[in-house]
Amino acid sequence: TERPLTDNEVFVSYLASPINPADINTIQGVYAVKPKLPAIGGNEGVAKVVSVGSAVTAVKVGDHVIPSASSSGTWRTYAIMEDKNLIVIDPKIDVLAAAQLTVNPCTAYRMLKDFIPVAKGETVIQNGANSAVGVNVIQLAKEWGINTINVVRQRPDLDQLKHELLALGATHVITEEELRQKDVMDGVLKAVPKPRLALNCVGGKNATDCLRVLDSKGAMVTYGGMSKQPLIIPTGSLIFKDQRFFGYWMTRWYADNA
């Protein structure tokens, strides 16, 4: 390093850092987190410990670590960080998977666990199902015996995408257009119970379409708005179906609980 480390500092070399939509929004200045400038982008990643301060005992040279603090600036080659802001992980974890541990898998887990009980054999519907959060939802739900209805956009490689999501454990994969087709959804809802939980990262018309198949007293959790369209809640969803609506932000959860 260019300067000696203080007692509790750790010098790391980043191995991989993903680009998330939230990172782009932060750079654009439209995200809730607004780092003090000048700032380095990147909210998550995986690094290897190069050297440690004299009082550091929780990590050692050669360890693979991920940052626990949000907006720590992971888009760089090297960083000096406080040892309390690092989590040691198994170095056998694939580097690209390790770089994405702190946001998307945690978001999927918390949304499935924190808002409404979803028991084995019940159903979750989600849009943006091929997103990083979406594929984690599919795998966790499969592990817990929960059915998933997974909504994706129409695309040229749709058959390949459906195959990939089904291989991960998806119960049903449908397009946004199929979600609006009564005969398609009648068939889906004969095979699985009506969803108790809807996970929304798209917003706009697609979110409203998901509400139409959500069960009475079910809940929708919104964690993104990729369509950049507002979430429109029909009056009947509130009055007649008694559906509940929540927002989820991983950064807020960390601030409240970590």
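Position one of the sequence shown corresponds to residue 252 (this note's numbering), numbered consecutively onward. Ideal Cβ placement from N, Cα and C applies to all residues, glycine included. As the structure is a prediction and not an experimental result, all values here were calculated from the model.
Contact set for residue 349: own chain, Cβ-Cβ below 7 Å, skip 5 residues either direction: Position 98 of the sequence shown holds residue 349. Only 297, 315, 317 and 340 meet the Cβ criterion.
Supposed contact pair residue 451 and residue 378 - C-beta distance, whole angstroms, cut 8 Å: For the purposes of this step, residue 378 is taken as the residue at position 127 of the sequence shown. For the purposes of this step, residue 451 is taken as the residue at position 200 of the sequence shown. Contact flag correct, Cβ pair sits at about 6 Å.
Residue from 261, 354, 460 and 304 whose Cα sits closest to the Cα of residue 293: The residue you call residue 293 lines up with position 42 of the sequence shown. Comparing Cα positions, the closest option is 354.
Neighbourhood of residue 459 by C-beta, 6 Å cutoff - its chain only, sequence neighbours within 5 removed: To locate residue 459, count along the sequence shown from 1; it is residue 208. Around residue 459: 483.
Exposure of residue 265, with buried meaning 16 or more beta-carbon neighbours within 10 Å: Position 14 of the sequence shown, counted from the start, is the residue given in the question as residue 265. Buried, by the Cβ-count rule.
Distance CB(residue 344)-CB(residue 449) smaller than 7 Å: The residue you call residue 344 lines up with position 93 of the sequence shown. The residue you call residue 449 lines up with position 198 of the sequence shown. Cβ distance not < 7 Å, so residue 344 and residue 449 don't count as in contact.
Presumed contact (8 Å Cβ cut-off) between residue 390 and residue 269, rounded CB distance: As a working mapping, residue 390 is identified with position 139 in the sequence shown. As a working mapping, residue 269 is identified with position 18 in the sequence shown. With 8 Å as the limit, residue 390 and residue 269 do not qualify as a contact, their Cβ atoms being about 18 Å apart.
Segment contact, 8 Å Cβ cut-off, at least three pairs: the region 356-371 with the region 322-331: no
contact_flag[the region 400-413, the region 366-376] where n(CB pairs < 8 Å) is 3 or more: yes
Sequence ranges, beta strand (DSSP E) only - wholly within the region 414-481, length at least 3: 423-426, 448-451 and 470-473
Proximity of residue 496 and residue 471 at Cβ, strictly below 7 Å: Indexing the sequence shown from 1 puts residue 496 at position 245. Indexing the sequence shown from 1 puts residue 471 at position 220. Yes, the pair counts as a contact, with Cβ atoms nearer than the cut-off.
Beta-carbon proximity check, residue 507 vs residue 468, cutoff 7 Å: Position 256 of the sequence shown holds residue 507. Position 217 of the sequence shown holds residue 468. In this structure, residue 468 does not lie closer than 7 Å to residue 507 by Cβ.
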